[in-house]
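**Student:**
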Amino acid sequence: MNNLKAYLRECGTWIALCLVLATLLLLSFCQPAHAQIPSAANGYQRELTRIVQQEWGMNGRVAVHAAQIHQESGWRPNVNSPVGAQGLSQFMPSTSAWIAEIYPDLGRAAPYSPTWAMRAQARYNRWHWQRLSSAADECQRWAFTLSAYNGGLGWVNRDRRLATAAGDDARVWFGSVEQYT
Numbered sequence: 062m063n064n065l066k067a068y069l070r071e072c073g074t075w076i077a078l079c080l081v082l083a084t085l086l087l088l089s090f091c092q093p094a095h096a097q098i099p100s101a102a103n104g105y106q107r108e109l110t111r112i113v114q115q116e117w118g119m120n121g122r123v124a125v126h127a128a129q130i131h132q133e134s135g136w137r138p139n140v141n142s143p144v145g146a147q148g149l150s151q152f153m154p155s156t157s158a159w160i161a162e163i164y165p166d167l168g169r170a171a172p173y174s175p176t177w178a179m180r181a182q183a184r185y186n187r188w189h190w191q192r193l194s195s196a197a198d199e200c201q202r203w204a205f206t207l208s209a210y211n212g213g214l215g216w217v218n219r220d221r222r223l224a225t226a227a228g229d230d231a232r233v234w235f236g237s238v239e240q241y242t
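The opening residue of the sequence shown carries number 62 in the numbering used here; numbering runs sequentially from there.
Written out as structure tokens, the structure is:
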């Protein structure tokens, strides 16, 4: 009987040790992953930072603009989308022309020029941001701004009206207005 108790105690110790090791192993896989800056972005980091801070102030959201470029073009300045969007910031030709027209200090539309594309992107985001001030908070406002960048302010406003008509909060993108796009 004493041998059985000793055996069970020893087994219990081993089981407990195995559970602790298994837990530690699992926790090591659950550590937050820190995203690396894409290597293609490294060449644009300083210039994009300067441009965003120039357009938005020293606290401008450089990471948001960088993520947008990464999503739009993967940092490829000469890329064309299947629907005709061009360059690093993926502007449609009509949007490039319009931006150059309302912001003559940017110069002629040049969507394949990384500098022009980043300046136009920051300015165009700012243009939308200024018109979407009724969002519930900064996160929602960025969601509206990025949606307007891709689909136009008119579509965002239409979607907000649809959300209101359905009883949803037109100041909230996530879980509300996004359902109507």
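Glycine residues also receive a C-beta, built at the ideal position from the N, C-alpha and C atoms.
Note that this is a predicted model, so its numbers are computed, not measured.
Can you list, in chain order, the residues of its chain with a C-beta nearer than 7 Å to that of R192? Leave out the 5 residues immediately preceding and following it.
**Tutor:** L214
**Student:** CA-CA distance, P154 and N218?
**Tutor:** 23 Å
**Student:** Identify, in the order they occur along the chain, each residue of the same chain with its Cβ nearer than 8 Å to the Cβ of P138, setting aside the five sequence neighbours on each side.
**Tutor:** G148, L149, Y173, S174, P175 and A178
**Student:** For the candidate residues R180, A146, G145 and P143, whose alpha-carbon lies nearest to that of A258?
**Tutor:** This structure cannot speak to residue 258, because the chain is shown only from 62 to 242.
**Student:** So for Q151, helix, strand or coil by DSSP?
**Tutor:** coil
**Student:** Can you give, in chain order, each stretch of the alpha helix (DSSP H) that sits fully within the stretch 100–170 and has at least 4 residues?
**Tutor:** 100–103, 106–117, 123–134 and 154–163
**Student:** Taking only the alpha-carbon atoms, compute the straight-line gap between M119 and R184 and give it to the nearest angstrom.
**Tutor:** 15 Å
**Student:** Applying the 10 Å Cβ sphere with the 16-neighbour rule, what's the burial state of D166?
**Tutor:** D166 counts as exposed, since fewer than 16 other C-beta atoms from the protein chains shown sit within 10 angstroms of its C-beta.
**Student:** Pull up the distance between the alpha-carbon of Q151 and that of D220, whole angstroms please.
**Tutor:** 23 Å
**Student:** Helix, strand or coil for T242 per DSSP?
**Tutor:** coil
**Student:** Quick one, which of W216, A170 and A171 has its alpha-carbon nearest H189's?
**Tutor:** W216
**Student:** If I follow the unbroken alpha helix (DSSP H) through Q182, where does it start and stop?
**Tutor:** Taken as a continuous stretch (DSSP letters only), the alpha helix (DSSP H) holding Q182 covers P175 to R192.
**Student:** Just tell me which of G228, A231, A171 and S100 has its CA closest to the CA of A41.
**Tutor:** The displayed coordinates of the chain run from 62 to 242. Any statement about residue 41 would go beyond what the structure contains.
**Student:** In angstroms with no decimal places, state the Cα-to-Cα distance between H126 and G228.
**Tutor:** Taking the straight line from one Cα to the other gives about 32 Å.
**Student:** Please name the residue in V144, W203, A128 and V123 whose C-alpha comes closest to that of V233.
**Tutor:** W203
**Student:** Which same chain residues, not among the five before or five after G212, have their C-beta less than 8 Å away from its C-beta?
**Tutor:** T242
**Student:** Classify L236 as helix, strand or coil using the three-state DSSP reduction.
**Tutor:** First, the amino acid is wrong: residue 236 is Gly here, not Leu. If DSSP states are grouped into helix, strand and coil, G236 belongs with coil.
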